[in-house]
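A.B. asks: Residue numbers (the working numbering), protein chains in the order written: chain A, 1 to 112; chain B, 113 to 221. Virtual Cβ for every residue (Gly too), placed ideally from N, Cα, C. Since the structure is predicted, the reported quantities are computational estimates derived from the model, not experimental observations.
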Amino acid sequence: GEDVEQSLFLSVREGDSSVINCTYTDSSSTYLYWYKQEPGAGLQLLTYIFSNMDMKQDQRLTVLLNKKDKHLSLRIADTQTGDSAIYFCAPSRGSTLGRLYFGRGTQLTVWP
Amino acid sequence: DVKVTQSSRYLVKRTGEKVFLECVQDMDHENMFWYRQDPGLGLRLIYFSYDVKMKEKGDIPEGYSVSREKKERFSLILESASTNQTSMYLCASRADTQYFGPGTRLTVL
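(1) Just checking my contact of A/Leu32 with A/Ser7 at CB under 8 Å: how many whole Å lie between their CB atoms?
(2) Based on the DSSP output, what are the partners of A/Pro91 in its beta bridges?
(3) Give the range of the beta strand (DSSP E) segment to which B/Val124 is assigned.
(4) Please list, in chain order, all residues of the same chain as A/Glu14 whose beta carbon is under 8 Å from its beta carbon, the five residues on each side excluded.
(5) Taking the alpha carbon of B/Thr117 as the point to measure from, which residue in A/Gly42, A/Asp26, A/Tyr24 has its own alpha carbon closest?
(6) Would you decide whether B/Glu191 is buried or exposed? Buried here means 16 or more other CB atoms lie within 10 Å of its CB.
(7) Does the distance from the C-beta atom of B/Val178 to that of B/Ser199 stay below 8 Å?
(8) Using Cβ-Cβ distances below 9 Å, what residues of the stretch 41-58 of chain A are close to chain B?
(9) Check whether the Cβ atoms of B/Val131 and B/Arg185 lie closer than 8 Å to each other.
(10) For a contact defined as C-beta to C-beta under 8 Å, what are the partners of A/Arg99 on chain B?
(11) How about B/Gln149 and A/Leu100: are their beta carbons less than 8 Å apart?
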């Protein structure tokens, strides 16, 4: 299987940048996803990156991948109170086959 | 828009009852998954299915079974519910990306 590690908590002030880190163990992971879960809701796909990329930017979100170190990060620029949620990193070996492996999630709290 | 629906948002059952959690997706996805989510433990995979009538055990299948008679529907069954199965249950389906339902919060008394 795959072990996915994330820090459990992160607190930032509104307007600052947030960086959520993730490490994984399976070097065969080719698709790496970030999900967001708001209180009482299911998981919502935020973004993903292919393993042949180093960086992907999508509006306020920047994903960085260090494949050598098996380290993935999600940066949220100009963090807002509405970004408060749990964020999950989820690597996968394939795009359509195979399961995703989830970390325990990082609880992001944004203070006004 | 992909839609994954779950039969109940909240469910309260008694110890020993047989419990059915239903999940339906409308995008003709072959892959479907059941997870449970507990504070501090993240998402743990219970069972998944790659096709109709196919099932694979996940990381914590004990105490659960599943049924996939139709492509769009994947059911999770607790044969005899126990208090340690009180949890949030999340269903998901997948093609190139994985989509989640809203979750069922099950309480077993």
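C.D. replies: Checking against the coordinates, here is how it stands:
(1) Taking a contact as a CB-CB distance under 8 Å, the pair A/Leu32 and A/Ser7 does not count as one, their CB atoms being some 17 Å apart.
(2) A/Leu32
(3) 122-125
(4) Thr79, Gln80, Thr81, Val110, Trp111, Pro112
(5) A/Gly42
(6) When all chains shown are included, B/Glu191 counts as exposed.
(7) no
(8) Ala41, Gly42, Leu43, Gln44, Leu45, Tyr48
(9) In this structure, B/Val131 sits away from B/Arg185, with a CB-CB distance that is not shorter than 8 Å.
(10) Phe145, Leu157, Phe160, Gly170
(11) no
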